[in-house]
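Working notes, beginning with the structure itself.
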Amino acid sequence: MAPTGVAAFNNGEVTIHRALNLPVEHGNSTTYRKLGAQRLKELRQTWKYVNTIIIDEISMVTYLTMSFIHKRLTEIKEPMTLRFSLED
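Taking this note's numbering as reference, the numbering of the sequence shown is continuous, increasing by one, and the terminal residue is 130.
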């Protein structure tokens, strides 16, 4: 996953926002919204066997988006242990 469309395209991946169904900031603060029952079921199925996430260009991810990533993964994979590792 990547924070921008260009980085995602260059790696043959999708953006963080698309993968986790997150709102895009566009320079403004945005609000986190929980998933509806059907979308939650779909994402749980999609993420069922995922245990590692690699985010390219992590320095481009805002604290708000990191918060949303944590909330969404907790919603999808509850209960979960979330570990962050930042590497160059």
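Ideal Cβ positions, reconstructed from N, Cα and C, are used throughout, including at glycine.
Pick helix, strand or coil for Asp130, following the three-state DSSP scheme. By one-based count along the sequence shown, residue 130 stands at place 88. In this prediction, Asp130 scores a pLDDT of 49, lower than 50, which makes its location untrustworthy; no coordinate-derived value is stated.
When you compare each of Leu106, Glu99 and Thr116 to Arg86 by their alpha carbons, which one comes out closest? Along the sequence shown, one-based indexing puts residue 86 at 44. Among Leu106, Glu99 and Thr116, the Cα nearest to that of Arg86 is on Thr116.
Excluding five sequence neighbours on each side, which residues of the same chain lie with their C-beta closer than 8 Å to the C-beta of Thr104? Along the sequence shown, read from residue 1 onward, the residue named residue 104 stands at position 62. Same-chain partners within the cutoff: Glu67.
Taking the alpha carbon of Pro45 as the reference point, which residue from Gln80, Arg114, Leu77 and Ile96 has its own alpha carbon closest? Counted from its first residue, the sequence shown places residue 45 at position 3. Of the candidates Gln80, Arg114, Leu77 and Ile96, the one whose C-alpha sits nearest the C-alpha of Pro45 is Ile96.
What does Tyr107 pair with, by DSSP beta-bridge criteria? Reading the sequence shown from its first residue, position 65 is the one you call residue 107. Checking the sequence, you will find Thr at residue 107 rather than Tyr. In DSSP, Thr107 forms no bridge with anything.
Would you tell me roughly how many angstroms separate the C-alpha atoms of Lys90 and Ala61, rounded to the nearest one? For the purposes of this step, residue 90 is identified with residue 48 of the sequence shown, where counting begins at 1. For the purposes of this step, residue 61 is identified with residue 19 of the sequence shown, where counting begins at 1. Taking the straight line joining both Cα atoms gives about 13 Å.
Here's the rule: buried if 16 or more other CB atoms are within 10 angstroms of the residue's CB, otherwise exposed. What is Arg81? For the purposes of this step, residue 81 is identified with residue 39 of the sequence shown, where counting begins at 1. Looking at its Cβ environment, which holds fewer than 16 other Cβ atoms inside 10 Å, Arg81 is exposed.
Would you check if the distance between the CB atom of Phe110 and the CB atom of Leu64 is smaller than 9 Å? To locate residue 110, count along the sequence shown from 1; it is residue 68. To locate residue 64, count along the sequence shown from 1; it is residue 22. Going by C-beta atoms, Phe110 is nearer than 9 Å to Leu64.
Take the Cβ of Ala50 as the centre, count every other Cβ of all protein chains shown within 10 Å, and call the residue buried at 16 or more, exposed below. Taking the first residue of the sequence shown as 1, we reach residue 50 at position 8. It counts as buried.
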